[in-house]
Amino acid sequence: MSTQDTQQRSRLDITPDVLLHIIEAADGLSQINLALAYPEIFLQPAFDIFVQDAEKQIRRYNSSSRTPVPFTEMFDSLPLLLVAIENDVDVHVIDRILKACMSVCPTSVDGIWGEFYTALPPPLTVAAAMGKTQVLFLLLEMGADPTRRCGNYIFPTRFLANRHCQLEGSNHDECVYYGPAMDREQPYGQDTYCLTPLMAALAKGYGLDTAGSTQALALEDCAMVLYGKGARLPLGDIFSFEPFLQQMVNLTRAEFVRFTKGILDSMIMNPRIPSNSRYIDYEHTLHGLLFDSCFTQKSDDNREMIEYLVDMGGLLVEDTHRYMCCAAATSARISHWETATYLVDKTREEGHSFDFRKFSLRFRGCTLPYVQAVYRLMQRGNHKVDGVEVSTERLHCLLLKSAMEARIRPAVQWLRDQGCMLPITANS
């Protein structure tokens with residue numbers, strides 16, 4: 129008998145109690161690695177480590193059936209299915225673990241072990257929050273519920289609707305609100321802090337520093353898949369907005385450009401959106417999304433979203449007290465000068481006139497290209513200051529004075545080269 133055959137025989141002769149000691153001494157990821165390294169030991173039909181873990185989870189939660197509060201989960205006691213998803217284990221291995229779990233407990237696909245509420249997030253929520261598209265497809269194919277809810281463990285609650293749920297510490301299918309019952313006739317009036325898989329993807333996207341990264345695109349893919357499976361967009365935190373606009377604001381703040389385009393492009397043929405109290409028109413929706421995108425972009429890099437909304441008809445200027453009157457001024461106010469410069473040029477191209485009082489150069493880091501764009505816009509004429517029409521020369525004078533007060537030396541020099549000058553007074 130060869131040495132290899134002897135080693136193989138010794139492995140297979142390990143007694144079950146020894147196997148149990150080996151497993152109990154290892155954390156979840158180590159258990160998965162052991163199973164993959166020695167399948168002839170740890171995945172044999174009589175002792176499948178994945179089946180053993182599923183049975184252990186059922187025993188744990190059934191033993192807590194008399195306790196009104198779900199377990200507080202520790203990492204070393206998490207089901208191997210969640211451990212695999214969280215640790216980038218290959219999707220084929222996750223498929224094997226999931227099938228083993230469902231053979232013992234069919235509801236494990238939704239993170240439910242036994243008949244008692246658990247504090248575990250559903251596997252679909254974990255996959256969506258991590259941007260694991262392949263795992264998401266696998267779980268949905270195996271029957272995972274895309275609307276299942278769990279506690280908001282990802283993002284500050286201000287991202288979501290302003291309502292608490294009595295079950296927010298557990299995995300549940302329908303929220304139970306604190307306080308008086310909500311109006312069931314209101315289709316968008318029942319959001320809580322609790323996360324669905326789609327909300328988890330949005331929250332993670334909103335928390336990223338930049339748009340367009342590989343992780344951001346993966347999160348957006350997950351969100352789009354879930355939306356296509358019937359998951360509903362959550363309400364936002366701007367309660368003065370109509371419900372549909374609140375939902376869309378969540379997409380623009382997560383900077384999910386493709387998702388936003390998919391919904392708005394489909395509405396072109398039906399530009400009136402059903403709302404709780406009235407109909408809001410398409411133009412109003414674009415206008416609200418454009419201003420919110422300008423004001424909330426994480427860095428000066430959300431141009432694809434802003435350019436799309438402008439091209440679709442988002443109003444650059446509107447006389448209303450609800451928003452600032454100019455999208456460019458909104459971007460300048462938070463020192464996003466590239467976006468502000470683009471919007472000033474677009475405002476000029478579309479022939480808008482407005483009050484230049486909104487164009488302050490005193491915000492941090494004002495750039496020469498922005499001043500040049502404002503100068504070009506002034507050249508068109510027919511503008512106002514404090515509601516009074518003024519000449520182009522007067523506007524240039526005000527722009528130079530503002531640049532001097534803000535100490536933007538390159539802009540001051542450039543404006544003087546263009547012939548701008550301050551008026552000569554009797555005290556000069």
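FYI, in my numbering the residues of the sequence shown are 129 to 556. Backbone N, C-alpha and C define an ideal beta-carbon position, used for all residues, glycine too.
- Within its own chain, the residues whose Cβ lies closer than 6 Å to the Cβ of C422, once the five positions on either side in sequence are excluded, are A455, T458, S459, listed in chain order.
- Judged by DSSP in its simplified three-state form, V217 adopts coil rather than helix or strand.
- For K512, the enclosing beta strand (DSSP E) stretches over residues 511-513.
- DSSP, reduced to helix, strand and coil, places R490 outside both helices and strands of the structure shown, so it counts as coil.
- Counting C-beta pairs closer than 8 Å gives fewer than three between the region 318-330 and the region 229-247, which falls short of the contact rule.
- Taking 8 Å as the cut-off, the Cβ atoms of M440 and L361 do not count as close.
- Beta-bridge partners of R277 (DSSP): H300.
- The criterion of a C-beta distance shorter than 8 Å is satisfied by G242 and N190.
- Here the alpha carbon of F384 sits roughly 17 Å from the alpha carbon of M395.
- If you ignore the 5 residues before and after L206, its C-beta comes within less than 7 Å of the C-beta of G156, all in its own chain and listed in chain order.
- Around V221, the same chain offers I160, L164, A212 as residues with beta carbons nearer than 8 Å, after the five sequence neighbours per side are excluded.
- For V232, the CB contacts under 8 Å within the same chain, skipping 5 residues up- and downstream, are V179, A182, E183, I186 in chain order.
- Inter-residue distance for F419 and D473 is about 16 Å (C-alpha atoms, whole angstroms).
- With a threshold of 16 other beta carbon atoms within 10 Å, T342 falls short and is exposed.
- Between the alpha carbons of R535 and C494 lies a gap of roughly 10 Å.
- Setting aside the 5 residues that flank it on each side, E302 is surrounded in the same chain by R277, each with a C-beta closer than 8 Å to its C-beta; the list follows chain order.
- For E269, the enclosing alpha helix (DSSP H) covers residues 261-269.
- Beyond the five residues adjoining it in sequence on each side, S463 comes within less than 7 Å, by CB distance, of F491, R492, G493 in the same chain, given in chain order.
- For the set T253, R476, D223, the Cα lying nearest the Cα of E269 is the one of D223.
- Per DSSP, reduced to three states, the secondary structure at Q159 is helical.
- Comparing alpha carbon positions, the residue from K426, L414, Y410 closest to V438 is L414.
- In the structure shown, D176 adopts extended strand secondary structure according to DSSP, grouped into three states.
- Assignment of L323 by DSSP, reduced to helix, strand and coil, places it in the strand class.
- Excluding five sequence positions before and after L295, the CB atoms of its chain that fall closer than 6 Å to its own CB belong to V304, given in chain order.
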